[in-house]
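Residue 4 is where the sequence shown starts when you use the working numbering, and the numbers rise one by one after that.
Note that beta-carbon positions come from the ideal geometry of N, C-alpha and C, so glycine has one too.
Values in this document were obtained by computation on a predicted structure and should not be read as measured data.
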Amino acid sequence: MTETGGKIAFVDYLILDDPPYLQAQECTSCGARYFDRRNACASCFEDQFRSVAIEREGVVTSFSIVQMGPIPYVSAVVDCGGTSVKCTIMNVEPSPKDVTLGMQVKLMTYSMGEDSEGTEAIAFGFEPI
Numbered sequence: 004m005t006e007t008g009g010k011i012a013f014v015d016y017l018i019l020d021d022p023p024y025l026q027a028q029e030c031t032s033c034g035a036r037y038f039d040r041r042n043a044c045a046s047c048f049e050d051q052f053r054s055v056a057i058e059r060e061g062v063v064t065s066f067s068i069v070q071m072g073p074i075p076y077v078s079a080v081v082d083c084g085g086t087s088v089k090c091t092i093m094n095v096e097p098s099p100k101d102v103t104l105g106m107q108v109k110l111m112t113y114s115m116g117e118d119s120e121g122t123e124a125i126a127f128g129f130e131p132i
């Protein structure tokens, strides 16, 4: 995980710079992008990757309003310049009237809490522009 002055990213591909961004591993042969570590590309089976920053804005291509848990929330897939990102849509009512396909969103971060030593865990979501 990435550590920055008392903060730690909840996932390895969230880079806590100013501004924060998501980083994917891109196959140098075919351009397929992955957020998790890969030994080989699932598209072309090559094994060379480079790190690339993902666009901070995108559009909702799929979503579901999840009713389990303490409150309903919006689980979505956002297209960020050709890279699909699975995420939670934040700062919006979990309603089909308020979340739509094609809705423009931007990356945002939020605190998941702190451990006993005061290190803050930071997660990401997307919110309407």
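For residue i, three-class secondary structure by DSSP
i: M106; result: coil
i: T122; result: coil
i: P23; result: coil
i: K89; result: strand
i: Y37; result: strand
i: A56; result: strand
i: T5; result: Bear in mind that a pLDDT of 47 at T5, under 50, signals an unreliable position, so the model cannot answer this.
i: K10; result: strand
i: G72; result: coil
Where residue i falls, given that 16 or more other Cβ within 10 Å makes a residue buried
i: V14; result: exposed
Alpha-carbon spacing of residue i relative to residue j, whole angstroms
i: P23; j: F48; result: 31 Å
i: E120; j: P73; result: 27 Å
i: P75; j: F129; result: 16 Å
i: T91; j: D50; result: 31 Å
Pick from the options that is closest to residue i, judged by C-alpha positions
i: D21; options: A79, M111, P75; result: M111
i: G105; options: S78, G84, T91, S65; result: S65
i: V55; options: Y37, Q26, G9; result: Q26
First and last residue of the uninterrupted beta strand (DSSP E) at residue i
i: C33; result: Unbroken run through C33: none, as it is neither H nor E.
i: V62; result: 60 to 69
i: Y16; result: Per DSSP, Y16 belongs to no beta strand (DSSP E) and is neither H nor E.
i: S78; result: 76 to 83
Contact with chain D by residue i, beta-carbon distance below 8 Å
i: G105; result: Annotation note: the requested chain D is absent from the structure, which comprises a single protein chain.
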